[in-house]
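Residue numbers (the working numbering), protein chains in the order written: chain A, 1 to 217; chain B, 218 to 434; chain C, 435 to 651; chain D, 652 to 868. A virtual CB, placed ideally from N, CA and C, is assigned to each residue, including glycine. One structure is given below, encoded as structure tokens.
4 protein chains.
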Amino acid sequence: MVGEPESLFSEEPLKIRIERHNFDRLLMLSDGVFAIAITLLALDLRLPEHWDGSAGQLIHASGRPLIGYLFGFGLVGAFWFMHRRMFAQLARVDLAITMLNLLLLGLVGLTPFIARMIAEAGPNRAIGFYLAAVASVLGSIALIRFWGAARPRLLHDGVDNKQWAIDGGFLAAAALMLGGIGMWSIANHAPIPSNGFAVVIVLMVVGKQFVRRRRKR
Amino acid sequence: MVGEPESLFSEEPLKIRIERHNFDRLLMLSDGVFAIAITLLALDLRLPEHWDGSAGQLIHASGRPLIGYLFGFGLVGAFWFMHRRMFAQLARVDLAITMLNLLLLGLVGLTPFIARMIAEAGPNRAIGFYLAAVASVLGSIALIRFWGAARPRLLHDGVDNKQWAIDGGFLAAAALMLGGIGMWSIANHAPIPSNGFAVVIVLMVVGKQFVRRRRKR
Amino acid sequence: MVGEPESLFSEEPLKIRIERHNFDRLLMLSDGVFAIAITLLALDLRLPEHWDGSAGQLIHASGRPLIGYLFGFGLVGAFWFMHRRMFAQLARVDLAITMLNLLLLGLVGLTPFIARMIAEAGPNRAIGFYLAAVASVLGSIALIRFWGAARPRLLHDGVDNKQWAIDGGFLAAAALMLGGIGMWSIANHAPIPSNGFAVVIVLMVVGKQFVRRRRKR
Amino acid sequence: MVGEPESLFSEEPLKIRIERHNFDRLLMLSDGVFAIAITLLALDLRLPEHWDGSAGQLIHASGRPLIGYLFGFGLVGAFWFMHRRMFAQLARVDLAITMLNLLLLGLVGLTPFIARMIAEAGPNRAIGFYLAAVASVLGSIALIRFWGAARPRLLHDGVDNKQWAIDGGFLAAAALMLGGIGMWSIANHAPIPSNGFAVVIVLMVVGKQFVRRRRKR
Numbered sequence: 001m002v003g004e005p006e007s008l009f010s011e012e013p014l015k016i017r018i019e020r021h022n023f024d025r026l027l028m029l030s031d032g033v034f035a036i037a038i039t040l041l042a043l044d045l046r047l048p049e050h051w052d053g054s055a056g057q058l059i060h061a062s063g064r065p066l067i068g069y070l071f072g073f074g075l076v077g078a079f080w081f082m083h084r085r086m087f088a089q090l091a092r093v094d095l096a097i098t099m100l101n102l103l104l105l106g107l108v109g110l111t112p113f114i115a116r117m118i119a120e121a122g123p124n125r126a127i128g129f130y131l132a133a134v135a136s137v138l139g140s141i142a143l144i145r146f147w148g149a150a151r152p153r154l155l156h157d158g159v160d161n162k163q164w165a166i167d168g169g170f171l172a173a174a175a176l177m178l179g180g181i182g183m184w185s186i187a188n189h190a191p192i193p194s195n196g197f198a199v200v201i202v203l204m205v206v207g208k209q210f211v212r213r214r215r216k217r
Numbered sequence: 218m219v220g221e222p223e224s225l226f227s228e229e230p231l232k233i234r235i236e237r238h239n240f241d242r243l244l245m246l247s248d249g250v251f252a253i254a255i256t257l258l259a260l261d262l263r264l265p266e267h268w269d270g271s272a273g274q275l276i277h278a279s280g281r282p283l284i285g286y287l288f289g290f291g292l293v294g295a296f297w298f299m300h301r302r303m304f305a306q307l308a309r310v311d312l313a314i315t316m317l318n319l320l321l322l323g324l325v326g327l328t329p330f331i332a333r334m335i336a337e338a339g340p341n342r343a344i345g346f347y348l349a350a351v352a353s354v355l356g357s358i359a360l361i362r363f364w365g366a367a368r369p370r371l372l373h374d375g376v377d378n379k380q381w382a383i384d385g386g387f388l389a390a391a392a393l394m395l396g397g398i399g400m401w402s403i404a405n406h407a408p409i410p411s412n413g414f415a416v417v418i419v420l421m422v423v424g425k426q427f428v429r430r431r432r433k434r
Numbered sequence: 435m436v437g438e439p440e441s442l443f444s445e446e447p448l449k450i451r452i453e454r455h456n457f458d459r460l461l462m463l464s465d466g467v468f469a470i471a472i473t474l475l476a477l478d479l480r481l482p483e484h485w486d487g488s489a490g491q492l493i494h495a496s497g498r499p500l501i502g503y504l505f506g507f508g509l510v511g512a513f514w515f516m517h518r519r520m521f522a523q524l525a526r527v528d529l530a531i532t533m534l535n536l537l538l539l540g541l542v543g544l545t546p547f548i549a550r551m552i553a554e555a556g557p558n559r560a561i562g563f564y565l566a567a568v569a570s571v572l573g574s575i576a577l578i579r580f581w582g583a584a585r586p587r588l589l590h591d592g593v594d595n596k597q598w599a600i601d602g603g604f605l606a607a608a609a610l611m612l613g614g615i616g617m618w619s620i621a622n623h624a625p626i627p628s629n630g631f632a633v634v635i636v637l638m639v640v641g642k643q644f645v646r647r648r649r650k651r
Numbered sequence: 652m653v654g655e656p657e658s659l660f661s662e663e664p665l666k667i668r669i670e671r672h673n674f675d676r677l678l679m680l681s682d683g684v685f686a687i688a689i690t691l692l693a694l695d696l697r698l699p700e701h702w703d704g705s706a707g708q709l710i711h712a713s714g715r716p717l718i719g720y721l722f723g724f725g726l727v728g729a730f731w732f733m734h735r736r737m738f739a740q741l742a743r744v745d746l747a748i749t750m751l752n753l754l755l756l757g758l759v760g761l762t763p764f765i766a767r768m769i770a771e772a773g774p775n776r777a778i779g780f781y782l783a784a785v786a787s788v789l790g791s792i793a794l795i796r797f798w799g800a801a802r803p804r805l806l807h808d809g810v811d812n813k814q815w816a817i818d819g820g821f822l823a824a825a826a827l828m829l830g831g832i833g834m835w836s837i838a839n840h841a842p843i844p845s846n847g848f849a850v851v852i853v854l855m856v857v858g859k860q861f862v863r864r865r866r867k868r
């Protein structure tokens with residue numbers, strides 16, 4: 001980064017240098033938070049009090065925490081994957097995207113807490129909060145997509161900003177559905193009925209197909 | 218970094234290589250500490266003893282820790298933001314900036330402890346220590362700004378070192394005000410009176426306007 | 435990464451930029467997880483209740499955790515080493531390698547849990563789970579090797595994809611052997627007989643020699 | 652890193668690519684471990700049981716942990732500083748340096764444990780272990796210096812490998828002295844006499860002067 005000491009810097013190079021610095025460090029911070037969230041998930045895996053070395057006792061005592069680990073890991077992994085795909089198409093970041101990304105990282109940092117819910121209270125009780133967490137992360141990714149669609153200067157030249165708006169819309173719809181179901185589950189103190197889940201998944205698959213078809217045209 | 222194996226290295230390239238290495242690694246260490254401080258904040262979020270799955274019980278038991286998380290997250294996020302803006306304008310780092318930055322990281326590493334104070338003792342009791350922490354971080358950023366202003370060689374060629382001195386002065390003034398209020402609150406065992414806060418915020422906004430106006434001239 | 439703002443981006447540059455972004459961020463996430471797994475291992479090292487400052491009491495109380503730390507550290511270090519050697523030969527990553535790598539990171543994230551097993555229950559009881567963890571990581575590395583061998587486009591041009599298949603086969607065989615021994619130990623509640631270990635190590639050394647000899651031809 | 656997809660790769664570029672990959676990832680892993688070790692130090696800072704918000708009660712209860720934090724932070728910061736200075740002069744890393752660096756990281760990862768010793772048992776009891784930890788890290792840095800001095804191919808072309816041998820010798824001497832004092836303190840269950848410390852510090856300052864003088868010739 002100290003790379004060009006003999007070149008004559010004009011006002012423009014400083015601007016470019018700041019843009020690159022801002023972009024790179026946002027990603028360094030983000031990947032750090034993702035990596036730590038993944039690894040902290042395993043901190044709650046505790047052994048049974050007087051473990052005799054058997055797998056049965058281990059699963060009996062650590063079964064729920066292991067399920068919490070799997071759910072949390074899948075969540076952080078999926079968020080990281082969506083984050084990587086989105087930022088691969090961004091050329092630079094502005095103040096709004098930095099702020100939205102910090103919001104996203106704050107939500108990712110809460111994932112170990114959600115995993116702990118599943119570990120201690122079981123999936124049925126925690127599922128509402130789990131869905132609410134998924135929905136809020138999807139929502140913040142949708143906001144970044146919308147912002148990028150409205151400011152094509154931020155996108156790589158080869159990227160279609162209409163596609164960003166459509167992807168953002170799809171994510172926002174998914175966030176609203178999952179968040180609604182989660183809030184309903186929290187408010188009613190009830191596990192999610194499986195047919196409700198089935199409807200959502202069908203809707204998401206159909207919507208994804210619709211988004212993909214449009215992309216190819 | 219092993220990039221130029223066929224070029225004939227003179228004394229100068231080693232110097233440049235060391236400068237780039239020093240700069241890059243300071244940022245890698247810093248972003249690592251920022252990322253971990255953000256994620257560790259959530260470690261103190263514990264579930265109620267016999268959680269029944271309701272949001273009410275959760276907020277009752279985890280309400281203060283959640284406030285601690287929000288305060289701590291806002292703090293680390295704001296420090297990272299100021300750190301990124303400052304280092305985007307630096308071309309290289311010397312021993313003094315490395316040391317001041319390590320001091321800054323040591324203070325950032327204490328943020329989870331401050332968040333724990335808010336979580337366990339409530340915002341009213343912890344606010345003095347919170348302000349003292351903010352003040353010491355602002356103070357160390359101010360010291361880096363002053364140092365950079367006095368050594369323009371460290372700044373990117375497009376950067377005005379007078380502006381660095383002014384920004385440093387603004388940060389130092391803010392650090393003194395917030396630190397003073399914090400120390401007063403700690404010494405007197407008293408929460409901050411809200412009109413005291415109002416005066417500080419008005420002063421900071423006015424000062425910020427003054428700094429901005431000067432920048433445009 | 436914002437490097438070329440004046441160049442005219444065609445469809446190809448976006449594709450290359452996405453490839454580089456995907457590759458770099460996979461490594462940033464991976465090294466973050468490896469680094470944290472190493473450091474979290476030491477979290478379980480606790481002092482004796484009323485420590486008198488003597489080394490004897492320390493070893494008596496923290497001896498097992500220290501063994502757990504050594505085993506865990508050796509494990510994460512070896513995995514990181516194999517990971518680095520493999521990705522040094524990869525030119526780009528696709529969806530499958532990303533997914534397999536996430537699986538690998540999820541297993542690496544479990545290492546502190548395995549170290550805790552050794553710390554609390556002693557090596558004899560935990561060895562089965564330790565071997566199962568080693569086997570699953572080796573297995574996921576083997577899968578990445580097989581995938582790379584089948585898609586030479588992902589490999590650096592100077593890399594022989596047949597060698598990748600052979601290395602993958604060697605790792606898969608080692609994973610099957612170690613995993614089998616581990617499962618046997620878990621199922622039978624028994625420590626590993628030392629002659630069983632000796633046979634496995636002889637087989638692995640012989641196999642490694644065979645793989646190396648073929649490489650030189 | 653996927654940077655040159657149209658160039659015709661020969662055997663040589665793969666070798667260079669592997670060297671860069673190995674170098675960069677060793678530093679990414681190292682800075683991750685340093686950053687986490689710094690931040691984990693603060694995890695042991697606990698509030699007093701029924702904190703009344705006063706600074707006095709806080710210092711009374713958290714005074715020792717805060718001293719542990721300062722000692723640990725100074726240690727990790729100093730190690731990181733020496734690590735950065737050394738690797739800025741290295742052009743590439745081989746197997747031996749990778750292994751020695753992993754050993755170094757394993758020792759850095761133990762720093763929070765040493766800080767916990769100081770926090771729980773006080774500096775007097777822990778000082779022997781603290782010095783032993785310092786000595787083992789200095790020793791592993793000395794080994795890397797000796798290795799680099801013996802293999803000038805690994806050093807940047809502008810670096811004098813004799814200087815590396817001299818610096819390594821100085822570090823090795825310091826490690827032996829500090830380690831000896833630490834072992835004596837552990838074996839005799841005794842705090843370090845202050846005049847013993849004074850002799851060591853005088854010897855180190857004189858030695859450092861000698862090393863510096865030789866460098867200028």
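Proximal residues to D:Gly-654 (C-beta, below 7 Å), its chain only, five neighbours per side dropped: For D:Gly-654, the pLDDT reaches just 37, beneath the cut-off of 50, and the residue's location in the model is therefore unreliable, leaving the point undetermined.
At a Cβ threshold of 7 Å, is B:Val-250 touching chain D? Chain D contact via Cβ: present.
Report the CB separation of D:Ala-742 from D:Leu-806 in whole angstroms; it is logged as a contact under 8 Å. With 8 Å as the limit, D:Ala-742 and D:Leu-806 qualify as a contact, their Cβ atoms being about 6 Å apart.
Report the partner residues of A:Leu-155 according to the DSSP bridge assignment. Beta-bridge partners assigned by DSSP to A:Leu-155: A:Leu-90.
Counting only runs that start and end within the segment 6 to 88 of chain A, where is the alpha helix (DSSP H) found for 4 or more residues in a row? Entirely contained in the segment 6 to 88 of chain A, the alpha helix (DSSP H) runs reaching 4 residues are, in chain order, 11 to 40 and 55 to 87.
At least one CB of chain B closer than 7 Å to the CB of D:Ile-687: is that the case? It does; some Cβ of chain B falls within 7 Å.
Pick helix, strand or coil for C:Leu-544, following the three-state DSSP scheme. DSSP, reduced to helix, strand and coil, places C:Leu-544 outside both helices and strands of the structure shown, so it counts as coil.
Buried or exposed for A:Ile-59, going by 16 or more other Cβ atoms inside 10 Å? Taking all protein chains shown into account, A:Ile-59 has fewer than 16 neighbouring C-beta atoms within 10 Å of its C-beta and is therefore exposed.
Three-way DSSP call (helix, strand, coil) for D:Ile-843 in this model: Of the three classes helix, strand and coil, the one that applies to D:Ile-843 here is coil, per DSSP.
When we look at the beta-carbon of B:Val-351 and count the other beta-carbons within 10 Å, is it buried (16 or more) or exposed? It is buried - the Cβ of B:Val-351 has at least 16 other Cβ atoms within 10 Å.
Using a Cβ-Cβ cutoff of less than 8 Å, which residues in the same chain neighbour A:Ser-136 once the five nearest sequence positions on both sides are dropped? Cβ neighbours of A:Ser-136 beyond the five flanking positions: Leu-107, Ala-175 and Gly-179.
Check whether the Cβ atoms of B:Leu-243 and B:Asn-318 lie closer than 7 Å to each other. Taking the C-beta atoms as reference points, B:Asn-318 is found nearer than 7 Å to B:Leu-243.
Under 9 Å between beta-carbons, which chain A residues line up against B:Trp-297? List them in chain order, please. Residues of chain A with a Cβ closer than 9 Å to the Cβ of B:Trp-297 are, in chain order, Arg-25, Leu-29 and Leu-102.
Cβ pair count under 8 Å reaching 3, the segment 12 to 26 of chain A against the segment 68 to 75 of chain A: By the C-beta criterion, the segment 12 to 26 of chain A is judged not to be in contact with the segment 68 to 75 of chain A, since fewer than 3 inter-stretch pairs fall below 8 Å.
Decide if the segment 848 to 856 of chain D is in contact with the segment 787 to 801 of chain D; the criterion is three or more beta carbon pairs, one per stretch, under 8 Å apart. Short answer: they don't touch.
From the beta carbon of A:Gly-63, is the nearest beta carbon of chain C less than 7 Å away? No, A:Gly-63 lies away from the interface with chain C (no Cβ there is under 7 Å from its Cβ).
Beta-carbon within less than 8 Å of A:Asp-157's beta-carbon, same chain only, minus the 5 sequence neighbours each way: which residues are those? Excluding residues within five positions, the ones whose Cβ falls inside 8 Å are Ala-91.
Local Cβ density within 10 Å of D:Val-856, reported as buried at 16 or more and exposed below that: Exposed, since its Cβ has fewer than 16 Cβ neighbours within 10 Å.
Here's the rule: buried if 16 or more other CB atoms are within 10 angstroms of the residue's CB, otherwise exposed. What is A:His-50? So A:His-50 ends up on the exposed side.
Which of the three DSSP states is assigned to C:Asp-594 in this structure? The answer is coil: DSSP assigns C:Asp-594 none of H, G, I, E or B.
Buried or exposed for B:Arg-333, going by 16 or more other Cβ atoms inside 10 Å? Classification of B:Arg-333: buried, given that the 10 Å Cβ count is 16 or more.
List the residues of chain A that B:Ser-271 touches, going by C-beta distances under 7 Å, in chain order. Under the 7 Å cutoff, chain A gives His-189.
Report yes or no: is there a C-beta of chain A within less than 7 Å of the C-beta of B:Ser-224? Note that B:Ser-224 scores a pLDDT of 36, beneath 50, so its modelled location is shaky; the value from the coordinates is reported in the next line. At a cut-off of 7 Å between beta carbons, B:Ser-224 makes no contact with chain A.
Counted within 10 angstroms of its Cβ, other Cβ atoms place D:Phe-780 as buried (16 or more) or exposed: With 16 or more other Cβ atoms within 10 Å, it is buried.
Could you give the distance in angstroms between the alpha-carbon of D:Asn-775 and the alpha-carbon of B:Pro-329? Cα to Cα, D:Asn-775 sits roughly 28 Å from B:Pro-329.
Are there 16 or more other CB atoms within 10 angstroms of the CB of C:Phe-644, so buried, or fewer, so exposed? Exposed, because fewer than 16 other Cβ atoms sit within 10 Å of the Cβ of C:Phe-644.
Between the Cα of B:Ile-255 and the Cα atoms of A:Asp-52, A:Gly-32 and A:Met-183, which residue gives the shortest distance? Closest option to B:Ile-255, Cα to Cα, is A:Gly-32.
Closest Cα partner of C:Gly-408 within the set C:Asp-478, C:Pro-625, C:Ile-501 and C:Ala-566: With chain C covering 435 to 651 only, the question about residue 408 of chain C has no answer from this structure.
Thinking just about the alpha-carbon of each residue, which of C:Phe-521, C:Ile-561, C:Asp-594 and C:Gly-641 is nearest to the one in C:Ile-626? Sorting C:Phe-521, C:Ile-561, C:Asp-594 and C:Gly-641 by C-alpha distance to the C-alpha of C:Ile-626 places C:Ile-561 at the top.
Whole-angstrom C-beta distance between B:Pro-265 and B:Ala-336, which should lie under 8 Å: B:Pro-265 and B:Ala-336 do not touch by the CB rule: their CB atoms are close to 14 Å apart, not below 8 Å.
Note down, in chain order, each residue of its chain lying with its Cβ closer than 6 Å to the Cβ of A:Trp-80, except the 5 sequence neighbours on either side. Setting aside the 5 residues that flank it on each side, A:Trp-80 is surrounded in the same chain by Phe-34, each with a C-beta closer than 6 Å to its C-beta; the list follows chain order.
On the CB-based measure, 16 or more other CB atoms within 10 Å of its CB, does D:Asp-695 come out buried or exposed? Burial call: buried.
Please identify the residue among A:Ile-166, A:Met-99, A:Val-159 and A:Leu-104 whose C-alpha is closest to the C-alpha of B:Ala-295. Comparing Cα positions, the closest option is A:Met-99.
Closest by C-alpha distance to D:Ser-836, when choosing among C:Ile-470, C:Ile-450, C:Ala-489 and C:Leu-537: Out of C:Ile-470, C:Ile-450, C:Ala-489 and C:Leu-537, the CA that lies nearest to the CA of D:Ser-836 is found in C:Ala-489.
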